[in-house]
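Asker: The sequence shown finishes on residue 398 if you use the numbering used here, and the numbering steps up by one all the way, no holes. Take this structure, written in C-alpha cells, and hold onto it; I'll ask about it next.
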Amino acid sequence: MKIVSAEYYTSSLDLPGCPEATLPEFALIGRSNVGKSSLLNMITGRTDLARVSETPGKTQMINLFTINKKWRLVDLPGYGYAKVAKEAMTRFNEAVADYLANRENLTCVLVLIDSRLPPQAIDLEFVDWMVENAVPFVVVFTKADKLGSARMLENIEMFKQSLSEFCENLPEMFVTSSKSKNGLKEIHRFIQSALT
Numbered sequence: 203m204k205i206v207s208a209e210y211y212t213s214s215l216d217l218p219g220c221p222e223a224t225l226p227e228f229a230l231i232g233r234s235n236v237g238k239s240s241l242l243n244m245i246t247g248r249t250d251l252a253r254v255s256e257t258p259g260k261t262q263m264i265n266l267f268t269i270n271k272k273w274r275l276v277d278l279p280g281y282g283y284a285k286v287a288k289e290a291m292t293r294f295n296e297a298v299a300d301y302l303a304n305r306e307n308l309t310c311v312l313v314l315i316d317s318r319l320p321p322q323a324i325d326l327e328f329v330d331w332m333v334e335n336a337v338p339f340v341v342v343f344t345k346a347d348k349l350g351s352a353r354m355l356e357n358i359e360m361f362k363q364s365l366s367e368f369c370e371n372l373p374e375m376f377v378t379s380s381k382s383k384n385g386l387k388e389i390h391r392f393i394q395s396a397l398t
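Right, dumping it as C-alpha cells:
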C-alpha cells in the first residue's frame with residue numbers, strides 16, 4: 203500500500219457530529235499513552251499528522267484523518283487514566299462507545315495493547331465489550347522495541363490466553379514498533395485487504 207496523501211479532516215465530540223459516512227474508517231483506540239499517535243503517524247508515513255504527547259489522555263475528541271482521499275483513520279480518545287474531569291471522561295467514553303457500536307462505515311478497530319505489560323484488566327474488559335457488541339477489531343501490540351523479545355512474547359502469549367476465555371476466535375494480531383517501523387507492512391497489507 204502506498205500512502206500518497208494523509209490529511210487531518212475534522213474532529214467531533216460525538217457520533218452525530220462526525221462527517222457523513224461516505225468513506226471506510228479504521229479506528230485506533232487503546233489505553234491512554236499506549237502510542238496511538240505514534241502508530242497513526244507510522245501508518246501514514248508522517249511524523250506530525252497526529253500530535254504525540256507524554257501526557258496521558260490528550261486525545262479528547264474523535265479525530266478523523268483522510269488517507270489517499272479514499273479512506274479514513276480515526277483517532278479515538280483512550281480509555282483508562284486521563285487527566286480530565288470525571289464528567290468529561292464519562293462524556294467522551296459514551297461518545298466512543300456510540301461511535302464504535304453505531305458508525306455504519308466503521309470497517310475495523312485497531313485495539314492497541316502495550317506489549318511491555320502483562321494482560322491489563324482494563325484492556326481485557328474493553329475487548330470483551332467489543333466482542334459482546336460484535337464490533338470488528340484486530341489487536342495491535344505497540345512499543346515492541348522497548349522490551350526484550352522473550353519477555354514481550356511471554357506478555358503476548360498471556361494476553362492471548364486471557365482473551366481465549368471469552369473470545370471464541372482470536373482476532374488477527376500485529377506486533378509493532380513506531381521506532382523501528384516493525385509491523386508497518388503487515389498493517390498496510392491488512393488495511394489494503396479490508397478495503398478490497
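Cβ atoms here follow ideal geometry from the backbone N, Cα and C, with glycine treated the same way.
1) Would you report the Cα separation of residue 215 and residue 265, rounded to the nearest angstrom?
2) CA-CA distance, residue 232 and residue 278?
3) DSSP has residue 344 in a bridge; who is on the other side?
4) List the residues that DSSP assigns as beta-bridge partners of residue 379.
5) For residue 240, which three-state DSSP category applies?
6) Is the separation between the beta-carbon of residue 352 and that of residue 379 shorter than 8 Å?
7) Would you mind giving the Cβ-Cβ distance between residue 389 and residue 361, rounded to the nearest angstrom? I have them listed as a contact below 8 Å.
8) By DSSP, does residue 392 sit in helix, in strand, or in coil?
9) Along the chain, where does the beta strand (DSSP E) containing residue 274 start, and where does it finish?
10) Taking the C-alpha atoms as reference points, what is the distance between residue 340 and residue 327?
11) So residue 226 and residue 335 are supposed to be a Cβ contact under 8 Å. How far apart are they, rounded?
Answerer: Here's the rundown:
1) Stepping through the sequence shown from its first residue, residue 215 is reached at position 13. Stepping through the sequence shown from its first residue, residue 265 is reached at position 63. Those two C-alpha atoms are separated by around 9 Å.
2) Residue mapping note: residue 232 aligns to position 30 of the sequence shown, counting from 1. Residue mapping note: residue 278 aligns to position 76 of the sequence shown, counting from 1. Cα to Cα, the separation comes out at about 8 Å.
3) Counting from 1 along the sequence shown, the entry for residue 344 is found at position 142. Beta-bridge pairing links residue 344 to 316.
4) As a working note, residue 379 is residue 177 in the sequence shown. Beta-bridge pairing links residue 379 to 384.
5) Here residue 240 refers to the residue found at position 38 of the sequence shown. Reduced to three states, the DSSP call for residue 240 is helix.
6) The residue given as residue 352 occupies position 150 in the sequence shown. The residue given as residue 379 occupies position 177 in the sequence shown. In this structure, residue 379 does not lie closer than 8 Å to residue 352 by Cβ.
7) Sequence index remark: in the sequence shown, residue 389 carries index 187 (1-based). Sequence index remark: in the sequence shown, residue 361 carries index 159 (1-based). Not quite, the Cβ-Cβ distance comes to about 18 Å (not below 8 Å), so this is no contact.
8) Position 190 of the sequence shown holds residue 392. It is helical.
9) Residue mapping note: residue 274 aligns to position 72 of the sequence shown, counting from 1. Where residue 274 is concerned, the enclosing beta strand (DSSP E) stretches over 273 to 277.
10) Counted from its first residue, the sequence shown places residue 340 at position 138. Counted from its first residue, the sequence shown places residue 327 at position 125. Distance between the alpha carbons of residue 340 and residue 327 is about 15 Å.
11) Counting from 1 along the sequence shown, the entry for residue 226 is found at position 24. Counting from 1 along the sequence shown, the entry for residue 335 is found at position 133. Actually they are not in contact, since the Cβ atoms of residue 226 and residue 335 sit about 19 Å apart, beyond 8 Å.
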